[in-house]
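Participant: Questions regarding the structure given below will be posed in turn.
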Amino acid sequence: MKPKVSVIMNTYDEDPISLAYAIKSYVTQEGVNMQLIISAPQDDKNLSLLMECVVNYNTPTATVELNLIERHEKCPTNSYRQLNSAIKMIKGKWFAFASSNDIAEQNKFSVEISQLVSTKKKVCYSAFFRCNPNNTKDLMRFHDYDYNKHLIGNFVSDCATMSVDILKDNTPFKLRFKNFAFWDFWLRVYEKEGNVFIYNPVPTWNYNIKDDSMHIERLKDTDKVLENTKDKIRMLWSHV
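Each residue of the sequence shown is one higher than the last, beginning at 17 in the numbering used here.
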């Protein structure tokens, strides 16, 4: 029997072409039954596209469901409000978060679930390529999980495949941490579960069809990196 995977894809007025490609890449996953939960504001500019996807991708191996919430302008926790609202809809044994402008290769979940089952671990994360529209790849590696390195700035990618019990036992996301809510989530997972992480070293499954140069430039902003690190250190004390 094919494993059932639930994916929450947050979207917030995304470019419609990027969004359409991203949705298709998840509902056409090989070797799994897919539940794609798209979480969006009630007045999202792509609402008609999302409604079409609910109808068009209702197949024996995939369904698309919508989770619509009230928009809060300029709210730094909108993405986590959307995730917390959508979590209750999960039906699968396996789970992942998805970006609304990333394309997953067709064997992402079959490969990573197989790795999790064989190693008896609960979270599989990976290196991945970000690429621009002409497929010139800019490699950004997430190295093998190390808790001490994690504390000084590394992180588990938010698109990791995980056992659904990890999610249920460590959510909802804490909105008081704002943009660091994922970092807090992974800290809680490690503290409660121990080292349940494995690393998929083949960085081929996730492709961004938009130019990601802004993200790369942001990593070079040393003042911003320092500010983020200080925030993470302060956050760490809440776990002690």
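All residues carry an ideal CB built from backbone N, CA and C; glycine is no exception.
Cα separation between S64 and E86?
Facilitator: Here residue 64 refers to the residue found at position 48 of the sequence shown. Here residue 86 refers to the residue found at position 70 of the sequence shown. In a straight line, the C-alpha of S64 is about 17 Å away from that of E86.
Participant: Can you tell me whether T27 is buried or exposed? The criterion is at least 16 other CB atoms within 10 Å of its CB, across all chains shown.
Facilitator: Locating residue 27 in the sequence shown gives position 11, where the first residue counts as 1. Per the 10 Å Cβ criterion, buried.
Participant: Starting from the C-beta of D160, find all residues in its chain whose C-beta is less than 7 Å away, skip the five residues before and the five after it, and write them out in chain order.
Facilitator: The sequence position of residue 160 within the sequence shown is 144, counting from 1. Reliability fails at D160, whose pLDDT of 45 lies under 50, so the model's placement of it is uncertain and the value that follows must be treated cautiously. Here the set comprises Y215.
Participant: My guess is that A114 and I24 are in contact by the Cβ rule of under 8 Å, so how many angstroms apart are they, rounded?
Facilitator: Looking up residue 114 in the sequence shown gives position 98. Looking up residue 24 in the sequence shown gives position 8. Yes, they are in contact, since the Cβ atoms of A114 and I24 sit about 7 Å apart, within 8 Å.
Participant: DSSP three-state label for T187, please.
Facilitator: As a working note, residue 187 is residue 171 in the sequence shown. Looking at T187 - three-state DSSP - the assignment turns out to be coil, as it is neither helix nor strand.
Participant: Closest to S116 by CA distance: which of D60, V21, A197 is it?
Facilitator: Numbered from its first residue, the sequence shown carries residue 116 at position 100. It is D60 whose Cα lies nearest to the Cα of S116.
Participant: Across which residues does DSSP place V21 in a beta bridge pair?
Facilitator: Start at 1 with the first residue of the sequence shown, and residue 21 comes out as number 5. DSSP, once it has assigned bridges, lists M50, W110 as partnering V21.
Participant: Looking at the strands, I want to know which residues DSSP matches up with C140.
Facilitator: Stepping through the sequence shown from its first residue, residue 140 is reached at position 124. T177, I214, per the DSSP bridge assignment.
Participant: Hey, out of Y141, Q51, M105, whose CA is closest to P19's CA?
Facilitator: Counted from its first residue, the sequence shown places residue 19 at position 3. Among Y141, Q51, M105, the Cα nearest to that of P19 belongs to Q51.
Participant: Answer with yes or no whether the minimum CB distance from V80 to chain C is below 9 Å.
Facilitator: As a matter of chain content, chain C is missing from the structure shown, which is built from one protein chain.
Participant: Which whole-angstrom value describes the C-beta separation of M178 and A112, a residue pair presumed to lie in contact below a C-beta threshold of 8 Å?
Facilitator: Position 162 of the sequence shown, counting from 1, holds the residue named residue 178. Position 96 of the sequence shown, counting from 1, holds the residue named residue 112. Their Cβ separation, rounded to whole angstroms, is 7 Å, which keeps M178 and A112 in contact under 8 Å.
Participant: What residue from Q98, V180, V80 has the CA that sits closest to L132's CA?
Facilitator: Locating residue 132 in the sequence shown gives position 116, where the first residue counts as 1. When each option's Cα is compared against that of L132, the closest is V180.
Participant: Rounded to whole angstroms, what's the CA-CA distance from N195 to E81? Just pull it up for me.
Facilitator: To locate residue 195, count along the sequence shown from 1; it is residue 179. To locate residue 81, count along the sequence shown from 1; it is residue 65. Spanning the two alpha carbons is a distance of roughly 25 Å.
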